[in-house]
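Novice: Just remember that our numbering sits 70 ahead of the position in the sequence shown, which is counted from 1.
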Amino acid sequence: MAMANTKPMTKTQLVATLAEEMGSDKKTATAALDALSNVVARTVAEGGAVTLPGIGKVACRARPERQVRNPQTQEMMTKPADKVVKVTIAKALKDSVNG
């Protein structure tokens with residue numbers, strides 16, 4: 071199996087590939103991709119999670135207030151509580167990369 075291009079696929083390339091895969095046109099593929107992006111962003115922003123079958127799960131996780139070190143001054147400081155987006159890769163995708 072030849073190594074794929076190491077550059078990430080652009081949205082234009084993704085839309086063209088999706089359209090071909092769907093047997094559809096680029097306008098429909100763009101609408102589908104934009105709708106998916108909006109659903110994931112909205113759901114995760116509301117604190118939920120979205121499972122993309124065969125790809126992984128995108129979720130929002132709350133992090134508590136914590137002590138962190140400023141790497142420049144070595145000073146300890148309190149970082150306020152925040153949220154982080156976490157992506158857990160599906161086993162099927164991991165296996166396809168190594169198989």
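Virtual Cβ for every residue (Gly too), placed ideally from N, Cα, C.
A quick note: this is a predicted structure, and the numbers were derived from the prediction, not measured.
Hey, quick one: how far does the alpha helix (DSSP H) through Q83 stretch, first residue to last?
Specialist: Where Q83 is concerned, the enclosing alpha helix (DSSP H) stretches over 81 to 92.
Novice: Using DSSP bridges, identify the partner residues of L122.
Specialist: Note: L122 sits in a beta bridge opposite G126.
Novice: Taking 8 angstroms as the cut-off, does the segment 97 to 111 touch the segment 129 to 138 (at least 3 CB pairs, one atom from each stretch)?
Specialist: Output reads no: the segment 97 to 111 does not touch the segment 129 to 138.
Novice: Roughly how many angstroms lie between the CA atoms of T148 and V155, to the nearest whole one?
Specialist: Roughly 21 angstroms separates the two Cα atoms.
Novice: Is the shortest distance between the beta-carbon of N168 and the beta-carbons of chain D less than 8 angstroms?
Specialist: Included in the structure is just one protein chain, with no chain D present.
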